[in-house]
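Written out below as structure tokens is the structure these notes cover.
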Amino acid sequence: MHQPILTIILLLPLLAMAFPFPESEDGDKSSLGNKSAGLLETLVGDLHGVTSKNDVLKNATTCPKMTVLFARGTAEPGNVGILTGPPFFAAIADYMNGTNQLAIQGVDYPADVSGFLVGGSVIGSAVMTALIDYTLSLCPTTPLILSGYSQGAQIVHLVTSSLPANTTSKVASVVLFGDPKNGTALQGVDARKVLTVCHAGDDICKGGDGVGAAHLNYSVDAGEAAMFVLGSAGSGLGITSRRMRTAGGG
């Protein structure tokens, strides 16, 4: 990972602790995270190529070996954010020997606090559902991975609860980071295809709304998550990465 990006990721937990999500005087949390969100946008600056990914929408002619649809967390920039998505994608690409075999598509949705408080953005759910249908129509045999962080995980729950069985059966795996609905099964998805990563001390994973360091460092789980999705995708990927073989014991 490039050094400036790594530096930003390492600074984000400190940013969150220095500027905790505010609550309005009347107790309404609809303004939750506004200050931190603004600072985050300033901090990431022109890293649009990192925080936004549109491989599926930009390339409708070539099918990759794997497609990941990712929903970012509340207040994150772009359409894949920066805390969890980019490190996860980088780990997958590393194991696959480069990004040319991997398509990443972010879910464009407001990612505001009001969506989180009601259990996930309805807009985000609709957008992700449309992306699933579009992706499968283009490349029906390409392993499809659904993933989300924080409110993005809520969106994945909403999406899978409304998908028909013949669609969920085509999902190769699901990875949820910092899931507010931790412990709730994904409707219609085989539990063996699902990896939920929740840290001890993460209040969001306990159904709360406190955002501390435990909720902001899921980048450390990128390698484990990448191994999971590559393992679930089957041998058709033809993975030859020395790092992947070593990690897998081969």
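Counted the way mature numbering (1 follows the signal peptide of the UniProt record, and there is no 0) counts, the sequence shown spans residues -18 to -1, 1 to 232.
Even for Gly, the Cβ is constructed at its ideal location relative to N, Cα and C.
For S119, count neighbouring Cβ atoms within 10 angstroms of its own Cβ and tell me buried if that reaches 16, exposed if not. exposed
Using DSSP with H/G/I as helix, E/B as strand and the rest coil, what is S151? coil
Using a 10 Å radius around the Cβ and a threshold of 16 neighbouring Cβ atoms, would you call S155 buried or exposed? buried
Environment of G60 [buried if 16+ CB atoms lie within 10 Å]: buried
Is the Cβ-Cβ distance between I127 and V38 less than 7 Å? no
Whole alpha helix (DSSP H) elements within the region 127 to 193, 4-residue minimum: 133 to 144, 147 to 150
Under three-state DSSP, which class holds G88? strand
My assumption, with CB atoms under 8 Å, is that M209 sits in contact with T124. Please give the rounded CB distance. Not confirmed; about 19 Å, so no contact.
Please classify R54: is it buried, with 16 or more other beta-carbons within 10 angstroms of its beta-carbon, or exposed? buried
How many Å lie between D90 and Y131 at the Cα? 14 Å
Contact check, G165 vs H197, beta carbons under 7 Å: no
So does the region 198 to 206 actually touch the region 93 to 100, counting three or more Cβ pairs closer than 8 Å? no
Hey, how far is the Cα of V141 from the Cα of N79? 31 Å
Look at L84 and A75 and say whether their C-beta atoms are less than 7 Å apart. yes
In terms of residue numbering, what span does the alpha helix (DSSP H) encompassing P38 cover? Pro is not the amino acid found at residue 38; the sequence shown has Val there. Looking at the DSSP string, the run of the alpha helix (DSSP H) that includes V38 is 37 to 40.
Shorter than 6 Å, the distance from the beta carbon of G165 to the closest heavy atom of the ligand SAH, or not? As for the ligand SAH, it is missing from this structure, which has no ligand bound.
The alpha helix (DSSP H) enclosing T49, as first and last residue numbers: Per DSSP, T49 belongs to no alpha helix (DSSP H); it is in the beta strand (DSSP E), 48 to 53.
Return the chain-ordered list of same chain residues with a C-beta closer than 8 Å to the C-beta of A42, the five sequence neighbours on each side being excluded. L120
Taking 7 Å as the threshold (C-beta atoms), are K163 and H181 in contact? no
Buried or exposed: which applies to T44, given that a residue is buried once 16 or more other Cβ atoms fall within 10 Å of its Cβ? exposed
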